[in-house]
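For reference, the structure is listed below as structure tokens.
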Amino acid sequence: MDIEIVGHIGAAIIASALAPQVIKSWKTKSTEDISLAWNTLLLTGLIIFVIYGYGIGSHPIMIFTTIEASLTFSLLVLKLIYGKKT
136 MDIEIVGHIG AAIIASALAP QVIKSWKTKS TEDISLAWNT LLLTGLIIFV
186 IYGYGIGSHP IMIFTTIEAS LTFSLLVLKL IYGKKT
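The number in our numbering is simply the position in the sequence shown, starting from 1, with 135 added.
Next comes the structure, spelled out in structure tokens:
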């Protein structure tokens, strides 16, 4: 099996892991249990990792980390919209 295929499969699974949380947060309009610090750190790391993927020319990293960063950004927006106002 081509190792690039393994990279695509693993990256697709990781990138899709946030989708259920984004969907749940959108449906319930609740993000109370999601840490803003965690979300911000994750998004920052993913953006850096996307840059790294482009730098080394790795398609699995470029494609799927961009997807994961988009989902993380969506979750951050939902957190800012639906987060508990104190």
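C-beta: ideal position from N, C-alpha, C; glycine also.
Can residue i and residue j be called in contact, C-beta distance under 9 Å?
i: Leu181; j: Thr200; result: yes
i: Lys164; j: Tyr217; result: yes
i: Val157; j: Ser193; result: no
Taking the alpha carbon of residue i as the point to measure from, which residue in the options has its own alpha carbon closest?
i: Thr175; options: Ala147, Thr207, Leu213 and Ile144; result: Thr207
In chain order, what residues of the same chain have a beta carbon less than 7 Å from the beta carbon of residue i, not counting five sequence neighbours either side?
i: Lys214; result: Thr166, Ile169, Leu171 and Asn174
i: Glu203; result: Ile149, Ala150, Leu153 and Leu181
Can you list, in chain order, the residues of its chain with a C-beta nearer than 6 Å to that of residue i? Leave out the 5 residues immediately preceding and following it.
i: Pro195; result: Gly142, His143 and Ala146
Quick one: Cα of residue i to Cα of residue j, how far?
i: Val212; j: Ile183; result: 19 Å
i: Gly188; j: Ile138; result: 16 Å
i: Trp161; j: Ser205; result: 15 Å
i: Ile191; j: Met197; result: 9 Å
i: Pro155; j: Ile140; result: 24 Å
Taking 9 Å as the CB-CB cut-off, is residue i touching chain C?
i: Val185; result: Absent here is chain C; the protein component of the structure consists of one chain.
Between which residues of its own chain and residue i is the CB-CB distance below 8 Å, once the five residues before and five after are set aside?
i: Val185; result: Ile196, Met197, Thr200, Thr201 and Ala204
Hey, which unbroken runs of the alpha helix (DSSP H) at 4 residues or more fall wholly within the stretch 168-219? 171-191 and 194-217
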